[in-house]
Amino acid sequence: SQTIHQWPATLVQPVGSPLSLECTVEGTSNPNLYWYRQAAGRGLQLLFYSVGIGQISSEVPQNLSASRPQDRQFILSSKKLLLSDSGFYLCAWRGPRDDPYNEQFFGPGTRLTVL
Amino acid sequence: AQRVTQPEKLLSVFKGAPVELKCNYSYSGSPELFWYVQYSRQRLQLLLRHISRESIKGFTADLNKGETSFHLKKPFAQEEDSAMYYCALGPRYNNAGNMLTFGGGTRLMVKP
Chain A
38 SQTIHQWPAT LVQPVGSPLS LECTVEGTSN PNLYWYRQAA GRGLQLLFYS VGIGQISSEV
98 PQNLSASRPQ DRQFILSSKK LLLSDSGFYL CAWRGPRDDP YNEQFFGPGT RLTVL
Chain B
579 AQRVTQPEKL LSVFKGAPVE LKCNYSYSGS PELFWYVQYS RQRLQLLLRH ISRESIKGFT
639 ADLNKGETSF HLKKPFAQEE DSAMYYCALG PRYNNAGNML TFGGGTRLMV KP
């Protein structure tokens with residue numbers, strides 16, 4: 038069966054420090070991968086998505102970047118964190134484009150606090 | 579442009595009362611609508627999708643293309659229904675990233 042992992046679960050970082058959040062998927066090949074931010078009162082915002090290794094699309098301009106070095110690994114990064122980067126970050130996957138089911142499966146999330 | 583609106587950020591009802599979580603969407607093509615739920619300390623997970631026309635945990639949702647709505651309903655709320663609910667829109671075709679657009683979410687609180 039497929040599983041999705043995220044780490045760390047929680048992170049407290051000072052303003053201006055770098056960031057690296059990791060997401061890995063098991064039990065599937067060539068998934069579409071997504072990074073979302075869930076901010077209090079603002080719902081779920083799509084940040085990045087990837088349809089394959091090295092292919093990243095950004096949905097909103099921001100202080101963050103994403104990379105997909107391997108088929109089932111998705112990384113969210115920042116060179117210098119801002120206070121506004123605080124939030125709950127969710128990684129999700131779904132099958133490739135020809136998968137008939139449009140369901141996305143979510144990881145447990147990372148709670149990031151920037152001080 | 580795609581847009582999903584959930585007008586209520588918080589909905590509070592008593593146990594046994596009917597529940598309706600509203601969702602309206604804006605999309606010019608053929609939509610695929612979903613409801614996702616996030617219980618306390620659990621992952622966000624799919625509750626139901628309109629193409630399945632199913633009832634999950636007593637919840638149903640009917641796609642109304644005329645009103646561009648996909649409201650989530652349950653005749654008798656239970657305390658365990660307390661959670662955050664998100665409505666999501668995914669175009670069925672021509673979507674290379676298979677992206678979903680989520681609404682802002684509604685927190686449902688069911689009081690004893």
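Quick note, the sequences are listed as chains A and B, same order.
Taken in order, the first sequence gives residues 38 to 152; the numbers are from this note's numbering.
Taken in order, the second sequence gives residues 579 to 690; the numbers are from this note's numbering.
Ideal placement from N, C-alpha and C gives every residue a C-beta, glycine not left out.
This one's a predicted model, so the numbers in the text were calculated from it and none came from an experiment.
Rounded separation between residue i and residue j - CA only
i: Ser644(B); j: Leu152(A); result: Looking at the sequence shown, residue 644(B) is not Ser but Gly. Whole-angstrom Cα-Cα distance: 47 Å.
i: Gly682(B); j: Gln39(A); result: 28 Å
i: Phe705(B); j: Val582(B); result: Missing from the structure shown is residue 705(B); chain B here goes from 579 to 690 and no further.
i: Ala642(B); j: Lys600(B); result: Going by the sequence as given, residue 642(B) is Asn instead of Ala. If I take the Cα positions, the gap works out to 12 Å.
i: Leu589(B); j: Ala661(B); result: 10 Å
i: Gly668(B); j: Asn676(B); result: 7 Å
i: Glu586(B); j: Asn602(B); result: 11 Å
i: Leu83(A); j: Ser630(B); result: 25 Å
i: Thr646(B); j: Ser604(B); result: 7 Å
i: His628(B); j: Thr684(B); result: 19 Å
i: Trp72(A); j: Ala129(A); result: 7 Å
i: Ile634(B); j: Ile93(A); result: 35 Å
i: Pro51(A); j: Leu622(B); result: 28 Å
i: Ile41(A); j: Thr65(A); result: 10 Å
i: Ile608(B); j: Gly53(A); result: According to the sequence displayed, residue 608(B) carries Ser and not Ile. Roughly 44 Å separates the two Cα atoms.
i: Ser104(A); j: Glu632(B); result: 37 Å
i: Ser606(B); j: Leu70(A); result: 25 Å
i: Asn672(B); j: Phe648(B); result: Reliability of the predicted coordinates at Asn672(B) is poor, the pLDDT of 49 falling under 50, and the value obtained from them is presented with this limitation in mind. Their Cα atoms are separated by approximately 22 Å.
Buried versus exposed call for residue i [16 or more other C-beta atoms within 10 Å across all chains shown]
i: Tyr86(A); result: buried
i: Glu610(B); result: buried
i: Ala160(A); result: Shown here, chain A extends from 38 to 152; a query on residue 160(A) therefore has no answer.
i: Leu119(A); result: exposed
i: Gly89(A); result: exposed
i: Gln620(B); result: exposed
i: Gln616(B); result: buried
i: Val49(A); result: exposed
i: Asp659(B); result: buried
i: Pro68(A); result: buried
i: Gln107(A); result: exposed
i: Gly91(A); result: exposed
i: Lys689(B); result: exposed
i: Lys652(B); result: buried
i: Gln584(B); result: buried
i: Gly132(A); result: buried
i: Asp640(B); result: exposed
i: Arg109(A); result: buried
i: Ala666(B); result: buried
i: Gly124(A); result: buried
i: Ala579(B); result: exposed
i: Val62(A); result: buried
i: Ala77(A); result: exposed
Beta carbon of residue i nearer than 7 Å to that of residue j
i: Gly80(A); j: Phe680(B); result: yes
i: Leu624(B); j: Phe637(B); result: no
i: Gln43(A); j: Thr147(A); result: yes
i: Phe143(A); j: Cys60(A); result: no
i: Leu127(A); j: Gln75(A); result: yes
i: Leu533(B); j: Tyr664(B); result: Past the edges of chain B, shown from 579 to 690, lies residue 533(B), and the structure says nothing about it.
i: Leu626(B); j: Gln141(A); result: no
i: Ser102(A); j: Leu56(A); result: no
CB contact check: residue i to chain E, cutoff 7 Å
i: Leu678(B); result: Among the chains of the structure shown, chain E does not appear; the protein chains present are A and B.
> Which residues, taken in chain order from the segment 67-98 of chain A, show a beta carbon closer than 9 Å to some beta carbon of chain B?
Replying inline: Asn69, Tyr71, Tyr73, Gln75, Gly78, Arg79, Gly80, Leu81, Gln82, Leu83, Tyr86, Ser87, Val88, Ser94 and Glu96
> How about the segment 90-108 of chain A and the segment 586-601 of chain B: do they share at least three Cβ pairs that are nearer than 8 Å?
Replying inline: no
>> Give me the subset of the segment 601-617 of chain B whose CB atoms are less than 9 Å from a CB atom of chain A, sorted by chain position.
In response: Glu610, Phe612, Tyr614 and Gln616
> What are the residues of the segment 621-655 of chain B that lie near chain A, defined by any Cβ-Cβ distance shorter than 9 Å?
Replying inline: Arg621, Leu622, Gln623, Leu624, Arg627 and Ile629
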